[in-house]
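Visitor: Here the working numbering is used: the first residue of the first sequence is 7, the next is one more, and so on. Note that beta-carbon positions come from the ideal geometry of N, C-alpha and C, so glycine has one too.
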Amino acid sequence: MSLFDELDAATPAAPAPEKPPRAKVSAAPPPEDEPEVLGSLELASRLNPSQLAAATYEGGPLLIVAGAGSGKTRTLVHRVAYLVDKGIPPQAILLLTFTRKAAQEMLGRASAIVGRRAAQVSGGTFHSLANLLLRSQAHLLGYPPGFSIMDQDDAESLVARIRNDFPEVKRHKRFPQKGAILNILSQSINKDKPLVEVMADAFPHFLEFAPIIEKIGQEYRAHKIQNALMDFDDLLVGLETILRDHEEVRRKIAGRYDYILVDEYQDTNPIQARLTHLLGRDHLRVTAVGDDAQSIYAFRGASFRNIMDFPNIFTGAKVLKLEENYRSQAPIVTLANHLIAQAREKYDKKLVAIRGSGQEPRLVAVQDQADEAGWVAARIEEFINEGVSLDDMAVLFRASSHSFDLEVELVRRRIPFTKYGGRKFLEAAHIKDFLAFLRVAANPADSLSLRRVLTMVEGIGAKGAEDIVTWVAGQREKVVDLESAPAKGKAKKNLAPLAALLHQIAQPGEELAFRAQAVANFYFDLVRDLYPDDWPDRQSDLKEIIRMAESETSLRTFLADMTLDPPNQKRSGPEEHKAQGLTLSTIHSAKGLEWKIVFILSAVEGRFPPSYAARSAAEVDEERRLMYVAVTRAEDKLFIMLPLGTIDRRTGLAASPSRFLAALPEGAGTSLWQNDQEIDPSELLNLGGDFGYDGESFSSSPAIPRDPERRPKPRPANPRPAPGPALMALPGMRVSHPIYGPGLVLETNGPQAIIDFDHFGKKTVTMQYARLTAI
DNA sequence: GTTTACGCATCCCCG
DNA sequence: ATGCGTAAAC
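1) Excluding sequence positions up to five away, which residues of its chain have a Cβ less than 6 Å from the Cβ of D298?
2) Once DSSP output is grouped into helix, strand and coil, what is the label at Q183?
3) Given a threshold of 16 other Cβ atoms within 10 Å of its Cβ, counted over all protein chains shown, does N170 qualify as buried or as exposed?
4) Can you tell me whether DSSP reads E253 as helix, strand or coil?
5) Confirm, please, whether the CB-CB distance from I222 to F181 is below 8 Å.
6) Considering only residues of the same chain and omitting the five flanking positions on each side of Q586, which have a CB-CB separation below 7 Å?
7) Expressed to the nearest angstrom, what Euclidean distance is found between the alpha-carbon atoms of R167 and G427?
8) Out of V175, L140, E672, state which residue places its alpha-carbon closest to the alpha-carbon of E214.
9) Looking at the structure shown, is L191 part of a helix, part of a strand, or coil, going by DSSP?
10) Can you give me the start and stop residues for the beta strand (DSSP E) that P649 sits inside?
11) Provide the residue(s) that pair with M568 in DSSP beta bridges, ordered along the chain.
12) So, using beta-carbon positions, are I593 and R368 closer together than 8 Å?
13) My output table needs one value for V832: the three-state DSSP class, helix, strand or coil.
14) If we ignore side chains and look at the alpha-carbon of each, how far apart do L285 and F320 end up?
15) For a quick check, are the C-beta atoms of Q126 and Q97 less than 8 Å apart?
16) Can you tell me where the alpha helix (DSSP H) holding K499 begins and where it ends?
17) Going residue by residue through the stretch 309-346, where are the continuous beta strand (DSSP E) segments of at least 3 residues, counting only ones entirely within it?
18) Within 10 angstroms of its Cβ, does L9 collect 16 or more other Cβ (buried), or is it exposed?
19) How long is the line joining the alpha carbons of I99 and A308, rounded to whole angstroms?
20) Is A405 helix, strand or coil by DSSP?
21) Can you tell me which of G465, K469, S453, L504 puts its alpha carbon nearest to the alpha carbon of G480?
22) Report the three-state DSSP secondary structure of E516 (helix, strand or coil).
23) State the Cα-Cα distance for the pair V358 and L341, rounded to the nearest angstrom.
24) Would G730 be called buried (16 or more neighbouring beta carbons within 10 Å of its own) or exposed?
25) If we ignore side chains and look at the alpha-carbon of each, how far apart do Q224 and A442 end up?
26) Examine the Cβ distances between the stretch 326-334 and the stretch 105-115 and report whether three or more of them are shorter than 8 Å.
27) Determine the closest residue to V417 out of E433, A383, E392, A448, with distance taken between C-alpha atoms.
28) Within a Cβ cutoff of 6 Å, which residues of the same chain sit near L590, ignoring the five residues on either side of it in sequence?
29) Candidates H283, T282, L267, D288: which alpha carbon is nearest V295's?
30) Using 10 angstroms around the beta-carbon of P725, count the other beta-carbons present and answer buried if the total reaches 16, otherwise exposed.
31) Using C-beta distances below 6 Å, list every residue in its chain close to A60, excluding the 5 sequence neighbours before and after it, in chain order.
32) Are there three or more Cβ pairs, one per stretch, closer than 8 Å when the stretch 373-382 is compared with the stretch 554-573?
33) With 16 as the cutoff for other CB atoms within 10 Å, does T476 come out buried or exposed?
34) Could you pull the start and end residues of the alpha helix (DSSP H) that S128 belongs to?
35) Just to confirm, is the Cβ distance from R115 to V90 under 8 Å?
36) For the beta strand (DSSP E) containing V79, name the first residue and the last one.
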């Protein structure tokens with residue numbers, strides 16, 4: 007049986023449907039001279055010489071430094087196929103990727119080349135590998151095999167409960183919030199640095215609270231052990247502890263994998279680097295693939311130094327570079343090279359464009375976010391009319407909230423889209439509620455989930471739940487009969503159905519589908535009381551979750567999957583899976599993907615880089631790499647949006663172009679556009695006269711505060727189709743909405759109105775955008 | 001003493 | 001849309 011059996015079951019035998027290999031990538035030029043070693047695969051006709059060398063390398067440790075668009079995934083897929091074809095048992099190949107979806111796609115593609123055997127390859131993320139191995143070895147850490155995994159939300163609420171018990175918190179107004187505390191604790195672990203050092207580096211303003219945060223950390227750890235809870239960091243640390251302290255276990259586990267391949271190595275942290283070494287040091291057949299220029303996860307402890315250090319840790323490692331870019335037209339590659347040239351420390355490599363020249367990347371100046379949304383949506387409509395498929399276009403942004411205006415605009419124009427990167431589905435309260443029942447069943451010690459479940463009962467609040475949790479903790483049997491829990495009156499009465507449910511779903515050996523159905527029977531009606539405004543939407547989400555539970559057999563696996571690999575896509579309608587439409591994505595979630603036409607939103611100071619992420623040179627470097635990743639997603643056309651009239655709420659300053667664009671030299675191959683005309687930067691002054699153009703290039707100095715009196719009224723940067731006179735709706739009025747149809751205005755609140763639509767229920771709409779008509 | 005309802009501010013990236 | 005603090009209701 008292979009390691010990731012649940013993955014095998016889900017791996018399609020055919021190539022992954024999402025992103026079939028691009029024709030032009032497979033058109034990689036055939037090598038000049040035929041290599042001697044060739045399996046039955048005819049790899050030489052599919053790969054260029056550098057790719058071929060990497061895919062078929064037979065020595066020890068190998069580092070493949072692969073530039074953006076250089077066929078990195080293709081090479082890795084072929085290396086897997088090569089090894090399988092060579093006769094290496096697929097289970098003995100370990101492929102570690104950044105997401106499990108990436109592993110599934112690669113193995114799907116390898117299967118297409120070399121047959122179904124490739125689907126048996128052990129693939130997944132470091133976290134999913136750790137989860138699986140720890141289930142059988144948890145006792146070595148003092149954990150039961152049924153331990154729960156906390157997502158960030160769970161971890162934060164645990165920290166919050168501990169935090170608020172410290173009297174200092176109330177005395178000091180500026181005491182760090184739960185998120186900040188967890189961040190500090192986590193970085194200390196992931197970066198291998200003492201807490202005080204992390205704080206001095208990244209949180210100097212909280213330094214005075216270091217001793218208290220230290221104490222909070224101790225309590226947090228104690229709590230996790232008591233409740234059999236592990237956070238994401240614990241999975242990695244736990245696995246490392248076992249491999250380090252139990253040599254016979256390490257040898258057994260490491261002995262399963264003859265070849266180890268790690269993708270996206272630039273986004274691994276020091277613990278993951280050590281895990282790689284612990285697993286691979288016996289045979290050294292370790293391949294790491296990555297691009298230091300695309301390292302964008304420092305905020306969670308990743309270090310691009312890992313990839314720089316690989317040849318030191320695995321001495322004698324062969325370093326191969328892939329520098330030919332097959333993805334983007336030449337001007338886009340030129341811009342990318344100029345962007346990354348500003349970075350301080352990197353492998354010496356430069357992308358060479360294979361494709362010919364095309365349209366220069368355009369910087370598009372607009373007034374504000376509303377104009378930006380209007381311009382992008384209008385341009386997308388034009389492309390649609392020209393016959394471009396929605397699947398070939400994407401809008402990328404630094405932060406999830408940057409696309410809000412655009413989302414409204416797309417709905418208005420009925421352009422279908424899917425948004426990736428927002429943390430929506432799993433974080434929704436009703437989903438967490440639903441999973442909490444199952445978590446109690448899987449791990450009776452999980453008081454976090456028990457508390458959550460208890461507070462859903464009418465009549466039980468924070469105090470009542472706490473009393474019962476304390477009572478449960480004092481019982482010998484953890485799977486207790488809540489019927490006899492301390493509660494009275496209404497609480498006692500309402501507790502009975504919950505007690506019955508928990509009794510039912512905690513039976514060992516029960517089918518997962520049965521348990522999920524039991525929870526649904528209990529919770530479905532509750533949703534109506536808990537969320538009177540939008541319970542139908544939430545109920546359909548629950549149906550989706552139940553559907554997912556039905557395709558899984560083990561309760562533990564299901565819960566681990568939901569936490570480690572949550573459906574990361576914003577809620578989409580029931581049958582919208584196929585026609586997913588336009589892609590909206592954070593840059594982080596767009597890693598590794600490509601589209602013909604790409605828009606980058608809000609490339610202005612304060613937003614990209616955001617002020618909170620540009621406090622040190624290291625942070626600025628990371629943001630620059632993020633811009634590099636965004637730019638290199640584009641194949642043919644790239645539009646970088648500059649909403650230059652936006653005023654920063656906190657500083658009161660008007661926006662200036664992102665420093666990464668401002669620093670571009672002459673000849674970086676971009677052009678500046680406004681009102682659909684190419685302009686000279688000096689003409690931008692028309693827009694407000696304060697974005698620091700100094701005659702040579704954009705200055706990166708802060709813009710001058712606007713004087714609202716003197717500001718020349720700029721003409722709209724891009725006249726949207728007339729917004730139309732906003733209908734002033736009044737409560738009680740019947741109105742019609744272009745998308746939702748007829749409805750009754752319930753109330754108005756400034757620019758917004760709450761309308762009960764006949765066919766869609768209650769929605770809040772902004773009258774200015776909604777194009778309401780009276781009926 | 002608890003629970004619940006309501007108004008208010010806030011929202012970065014992710015396994 | 002969620003998380004928090006305060007005030008009314010049980």
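Guide: Judging by the given coordinates:
1) If we look at D298 and ignore the five residues flanking it on each side, its Cβ neighbours are Q272, F310, I313, K352, Y353.
2) Q183 falls in the coil class under three-state DSSP.
3) exposed
4) helix
5) no
6) T424
7) 28 Å
8) Out of V175, L140, E672, V175 has the C-alpha closest to the C-alpha of E214.
9) Helix, per DSSP.
10) 640-649
11) In the DSSP output, where bridge partners are listed per residue, M568 has none listed.
12) no
13) This structure gives no information on residue 832, because the portion of the chain shown stretches from 7 to 781.
14) Cα to Cα, L285 sits roughly 12 Å from F320.
15) yes
16) 495-511
17) 324-328
18) Legend: pLDDT at L9 = 39, less than 50; position of this residue unreliable, no value from coordinates given.
19) 24 Å
20) coil
21) S453
22) In this structure, E516 counts as coil in the three-state DSSP scheme.
23) 12 Å
24) In this prediction, G730 has a pLDDT of 34, which is less than 50 and means its spatial position is unreliable; nothing more can be read from the coordinates.
25) 25 Å
26) no
27) A383
28) Within the same chain, L590 has close Cβ partners V401, S409, F423, K425.
29) L267
30) Because the pLDDT of P725 is 30, which lies under 50, any placement of that residue in the model is unreliable, and the number read from its coordinates should be weighed accordingly. P725 should be labelled exposed.
31) I70, T81, L326
32) Contact between the stretch 373-382 and the stretch 554-573 is absent: fewer than three C-beta pairs spanning the two stretches fall below 8 Å.
33) T476 should be labelled exposed.
34) Segment 128-130 is the beta strand (DSSP E) holding S128; no alpha helix (DSSP H) there.
35) no
36) Rather than Val, the amino acid found at residue 79 in this sequence is Thr. Here T79 belongs to no beta strand (DSSP E); instead the alpha helix (DSSP H) covers 78-92.
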